[in-house]
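Below is one structure, written out as structure tokens, with a few remarks after it.
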Amino acid sequence: MKICLSFDDGRIDSFFAAYKILKNANLNASFHIATGFIDGTYISNDFGNDRKSLSKEHLLEMHDNNMDISSHGDKHVMEVDDFLTSIKKLSSWGIKKPKYGFSIPNSKYSSDELKLFLNKNEKDILYIRGGRNPSCYSFKNKVNYVFYKLFHLYHCYKKFNEPNLLALIDKHLLFSLVVKKHTKVSDLIRFINDYKETNKTLIIMFHSIVENPADDWEWGEDSFMKLCSFLVNNKNVIETLSIEELIKDEKK
Ligand SMILES: [Zn+2]
Numbered sequence: 006m007k008i009c010l011s012f013d014d015g016r017i018d019s020f021f022a023a024y025k026i027l028k029n030a031n032l033n034a035s036f037h038i039a040t041g042f043i044d045g046t047y048i049s050n051d052f053g054n055d056r057k058s059l060s061k062e063h064l065l066e067m068h069d070n071n072m073d074i075s076s077h078g079d080k081h082v083m084e085v086d087d088f089l090t091s092i093k094k095l096s097s098w099g100i101k102k103p104k105y106g107f108s109i110p111n112s113k114y115s116s117d118e119l120k121l122f123l124n125k126n127e128k129d130i131l132y133i134r135g136g137r138n139p140s141c142y143s144f145k146n147k148v149n150y151v152f153y154k155l156f157h158l159y160h161c162y163k164k165f166n167e168p169n170l171l172a173l174i175d176k177h178l179l180f181s182l183v184v185k186k187h188t189k190v191s192d193l194i195r196f197i198n199d200y201k202e203t204n205k206t207l208i209i210m211f212h213s214i215v216e217n218p219a220d221d222w223e224w225g226e227d228s229f230m231k232l233c234s235f236l237v238n239n240k241n242v243i244e245t246l247s248i249e250e251l252i253k254d255e256k257k
């Protein structure tokens, strides 16, 4: 099995928590950066409690240490010109690539918007990472979601998240499993364990990794450390890599 860990927005904890833990474990991951958040040209409540961003220096250090630093828009939207602004900024900060990954802000899009975005930016885009597979939003799965949130039943967690396992890699839209405050690390590990011997790929979407999660989009440092040690201990069957590496692997 292949696992990709991805972090959205460019929040300060991406450096002080996620990156440090990943580096210790010798694991690579993808970080999707809203560039206007980094240089202060886009001020918004989109980015959680703390609202501090990474600096250009943080980004460069992470890039130099094999992390995939990619775009999450400049102003946290999916628009043609906004994407170009974001990759121009990344490049001017020293993160130069022939093509950049993109993760869809707020996971909101129509298929027409996505098509237009892709057509116009094709030559600059390495991959697009979206949110959950739309099948997660069937009535049955919405019930599974609520039951998991209330009672932490693993069976519901598994059913709800199964559609996010990728059998084929379509770089034009990669679905992901979303980790939120209520996600128990034991259930996420059990889920990976159930598929680790398969050929599937699982992309996991995180936002903040913090000591004491407060809002929905934060997850505990302890939990993240447990997940990383599980991945390291299962290296023989689980390949953990950035989405950039995943796409490059597919091309071989
Ligand atoms: Zn975001």
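Read in order, the letters of the sequence shown are residues 6 to 257 in our numbering. Where a beta carbon is used, it is the ideal one built from N, C-alpha and C, also for glycine.
- Under DSSP, Arg16 takes part in a beta bridge, and its partners are Ser58.
- If you draw a 10 Å sphere on the C-beta of Ala23, you find 16 or more other C-beta atoms in it, and that means buried.
- Pairing Asp192 with Val215, the inter-Cα distance amounts to about 19 Å.
- Assignment of alpha helix (DSSP H) within the segment 67-113, counting only whole runs of 4 or more residues, yields 85-97 in chain order.
- Membership of Arg195 in the alpha helix (DSSP H) is indicated by the continuous run 190-200.
- Here the alpha carbons of Lys186 and Ala219 stand approximately 8 Å from one another.
- Shown here for Cys161: same chain residues with a beta carbon closer than 7 Å to its own, the five before and five after excluded, namely Asn149, Phe152, Tyr153 in chain order.
- Each residue's CA atom was taken as its position, placing Glu249 and Asp55 some 28 Å apart.
- Across the structure, Leu65 and Phe144 are spaced so that their CA atoms are roughly 43 Å apart.
- For the pair Phe235 and Phe12, the CB atoms are not nearer than the 7 Å cut-off.
- Ser19 is positioned such that its CB atom lies no closer than 7 Å to that of Asp73.
- DSSP, read as helix, strand or coil, puts Leu171 in strand.
- Residue environment: Val184 is assigned as buried (16 or more neighbouring CB atoms within 10 Å of its CB, all protein chains considered).
- Here Phe36 carries a strand assignment [DSSP, helix/strand/coil].
- Phe42 is positioned such that its CB atom lies no closer than 7 Å to that of Met83.
- Within its own chain, the residues whose Cβ lies closer than 8 Å to the Cβ of Glu118, once the five positions on either side in sequence are excluded, are Met83, listed in chain order.
- In the assembly as shown, Lys240 is an exposed residue. Its beta-carbon has fewer than 16 other beta-carbons within 10 Å.
- By the neighbour-count criterion, in which a residue is buried when 16 or more other Cβ atoms sit within 10 angstroms of its Cβ, Ala39 is buried.
- For Asp87 and Phe196, the gap between their C-alpha atoms comes out near 36 Å.
- When the alpha-carbon of Tyr132 is set against those of Ala172, Lys101, His77, Leu59, the nearest one is in His77.
- The beta carbons of Val237 and Glu202 sit about 17 Å from each other, so the pair does not count as a contact at 8 Å.
- Burial check for Glu223: the Cβ neighbour count within 10 Å reaches 16 or more, so the residue is buried.
- The three-state reading of DSSP puts Ile248 in helix, counting H, G and I together.
- Relative to Gly15, the option among Phe165, Ile26, Leu95 whose CA is nearest is Leu95.
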